[in-house]
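Notes for the one structure printed next.
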Amino acid sequence: MSGVDTLEALFSQTRSEGRAALVGYLPAGYPDVAGSKALLGGMIAGGCDLVEVGMPFSDPVLDGPVIQAAQQQALANGTRIADLFSIVESVTAVGGRAVVMTYFNPIMAYGLQRFADGLAAAGGAGVITPDLIVDEADGWRAACESAGVAPIFLVAPSSGLERIALTSAASRGFLYAASVMGVTGARDHVSSDAPALVARCRQVSDIPVGVGLGVRTAEQAAEIAEFADAVIVGSAFVSAAERGGVEAVAGLAGELAIGVRRRHAPSA
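So the sequence shown is numbered by the working numbering: it starts at -5 and just counts up by one.
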């Protein structure tokens, strides 16, 4: 099964169950490579349908202070792309599904086709590239197509219909909708821009839409699950890992997994 097939099967399953998918993010190599594998395993055991394995990067412009600090620790520990693939392989070895989130510079430095082939060999399903616009992604999309992994692009609250149509047409698996302008980080309230952004995506494409940036509670996950196909959580998982390791990460995943299923629960 290709990575594209893996993501299509995931969203076919969650749509048949009448719920959104739960997607959890952690940087590769945080707090170290072995610990990273254990934390991601905890996320899967706790209820994450898909994990995002982040490639640590020296200039993570989209990421807020919590994720930046974790990435710096991973880089200081010497995390490299070979470790990223090893971590993805550990996820798929226990029956999990994984995509990679990375800025584009590491891919270019490693080689587009080499990166896509390496991820496919590890069982990875796709790659989220937050700083790559589709207008400049022909070479990367060709490499992904050849390897069978899904290129996943972002839209933002500022994206108009024409831009969303162009981006969704180039994405495979799902479209990543950033619910706020700015950097990542847990927030007290879900952005009011998120429902309108997803509605615009629905106007031009039927590709599943995942919403990220700011989610930290089951209530927020349930709120987003009302209108999105996937709820993406990052900084809250890093904070949980700092606070209580694998047990805390698995516990948070369990709470959020209940949240993404709550929209169809009968009223009390």
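Cβ coordinates follow ideal geometry from the N, Cα and C atoms, glycine included.
Just so you know, these numbers come straight off a predicted model, no measurement behind them.
{"Item": "Name the DSSP bridge partner or partners of E46?", "Value": "Y19 and V93"}
{"Item": "Would you mind sorting A3 into buried or exposed? The rule is 16 or more other CB atoms within 10 Å of its CB.", "Value": "exposed"}
{"Item": "What residues are listed by DSSP as bridge partners for P145?", "Value": "V121"}
{"Item": "Evaluate E11 with the Cβ neighbour count: other Cβ atoms within 10 Å of its Cβ, from every protein chain shown; 16 or more gives buried, anything less gives exposed.", "Value": "exposed"}
{"Item": "Suppose you measure from the CA of E249 to the CA of M49; what does that come to, to the nearest Å?", "Value": "26 Å"}
{"Item": "Using the C-alpha atoms, what's the distance from G35 back to R264?", "Value": "Outside the shown range of the chain (-5 to 262) lies residue 264, about which nothing can therefore be said."}
{"Item": "Among D43, Q65 and V209, whose alpha-carbon lies nearest the alpha-carbon of S186?", "Value": "V209"}
{"Item": "Going by alpha carbons, who is nearest to S30 out of V227, A235 and V254?", "Value": "A235"}
{"Item": "The beta strand (DSSP E) spanning L169 covers which residue range?", "Value": "L169 to A172"}
{"Item": "Count the C-beta pairs between the region 147 to 165 and the region 114 to 130 that are closer than 8 Å, then say yes if the count reaches three, no if not.", "Value": "yes"}
{"Item": "List the DSSP bridge partners of I226.", "Value": "V17"}
{"Item": "Can you tell which of L191, A14, S84 and A136 has the C-alpha that lies nearest to the C-alpha of G23?", "Value": "S84"}
{"Item": "Taking its Cβ as the centre, do 16 or more other Cβ atoms sit within 10 Å of D223, making it buried, or is it exposed?", "Value": "buried"}
{"Item": "Leaving out five residues before and five after A188 in sequence, what residues of the same chain have Cβ atoms less than 6 Å from its Cβ?", "Value": "S173 and V205"}
{"Item": "Pick from E213, A137 and S199: whose alpha carbon is nearest that of E156?", "Value": "S199"}
{"Item": "Suppose contacts are defined by Cβ-Cβ distances below 9 Å. Is T86 in contact with G40 by that definition?", "Value": "no"}
{"Item": "Short of 8 Å in beta carbon distance, which residues of its chain neighbour M(-5), apart from the five on each side in sequence? Order them along the chain.", "Value": "A3"}
{"Item": "For A110 and L78, I'd like the C-alpha separation in whole angstroms.", "Value": "12 Å"}
{"Item": "Rounded to whole angstroms, what's the CA-CA distance from V143 to G228? Just pull it up for me.", "Value": "22 Å"}
{"Item": "Name, in chain order, the residues that DSSP records as bridge partners for V205.", "Value": "A171 and V225"}
{"Item": "I need the boundaries of the alpha helix (DSSP H) containing P100, first residue and last residue.", "Value": "F98 to Y104"}
{"Item": "Check whether the Cβ atoms of V232 and L20 sit closer than 9 Å, and answer yes or no.", "Value": "yes"}
{"Item": "Please state whether DSSP places D26 in a helix, a strand or coil.", "Value": "coil"}
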